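Enquirer: Offset between the sequence shown (1-based) and this note's numbering: plus 99.
Built from N, CA and C at the ideal position, the CB exists for glycine as well.
As the structure is a computational prediction, the values presented were derived from the model and not from experiment.
One structure is given below, represented as structure tokens, and several questions about it will come after.
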Amino acid sequence: FNLFVPTPANLALFSGIFVGFTFYDVIHFYLHHGAEKSVIPHVRRMRTYHAIHHYKEPDRGYGVTSKLWDRVFGTLIVPGSKKSKLGKA
Numbered sequence: 100f101n102l103f104v105p106t107p108a109n110l111a112l113f114s115g116i117f118v119g120f121t122f123y124d125v126i127h128f129y130l131h132h133g134a135e136k137s138v139i140p141h142v143r144r145m146r147t148y149h150a151i152h153h154y155k156e157p158d159r160g161y162g163v164t165s166k167l168w169d170r171v172f173g174t175l176i177v178p179g180s181k182k183s184k185l186g187k188a
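So this is what it looks like as structure tokens:
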């Protein structure tokens, strides 16, 4: 890989991947263990959305911090819609 991308670019790329994944993992942990106490309404809504993904709609609702990619890929959980065919997680 070093033949195609200089070392400083490799460091920047892998540092960005590491920081991005760490941020994602911390948010995911918080949604599971502390978000119900959050003063930020969006965080509480995303916790509920994420819990629905785990317990009712395992094939939908993959977004942890945002529903953007669920809209893009057609996996958005719509309240009142038919339950997924896979059943409980």
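1) Which value, in whole angstroms, describes the spacing of the CA atoms of Val118 and Ala134?
2) Within its chain, find whatever has a CB closer than 6 Å to the CB of Phe128; leave out the 5 residues flanking it on each side and keep chain order.
3) Which value, in whole angstroms, describes the spacing of the CA atoms of Leu113 and Thr106?
4) Whole-angstrom Cβ separation of His152 and Arg159, contact assumed at under 8 Å?
5) For the alpha helix (DSSP H) that Ser129 lies in, which residues bound it at each end?
6) Near Val142, what residues of its chain come up, given a Cβ to Cβ distance below 6 Å and the 5 sequence neighbours on each side ignored?
7) Among the candidates Lys136, Gly179, Val138, whose CA atom is the shortest distance from the CA of Lys155?
8) Lys166 to Asn109, Cα distance in whole Å?
Expert: Reading from the atomic positions:
1) Distance between the alpha carbons of Val118 and Ala134 is about 21 Å.
2) Scanning its chain for C-beta atoms nearer than 6 Å, with the 5 sequence neighbours on each side dropped, one finds no residue around Phe128.
3) First, the residue type needs correcting, since residue 113 is Phe and not Leu in the sequence shown. Pairing Phe113 with Thr106, the inter-Cα distance amounts to about 11 Å.
4) Between Arg159 and His152 the Cβ distance is about 7 Å, and since that is below 8 Å, they are a contact.
5) Contrary to the premise, residue 129 reads as Tyr rather than Ser in this sequence. The continuous alpha helix (DSSP H) containing Tyr129 extends over residues 106-132.
6) If you ignore the 5 residues before and after Val142, its C-beta comes within less than 6 Å of the C-beta of Ala134, all in its own chain and listed in chain order.
7) The option with the nearest alpha carbon to Lys155 is Gly179.
8) Their backbone Cα atoms lie some 30 Å apart in a straight line.
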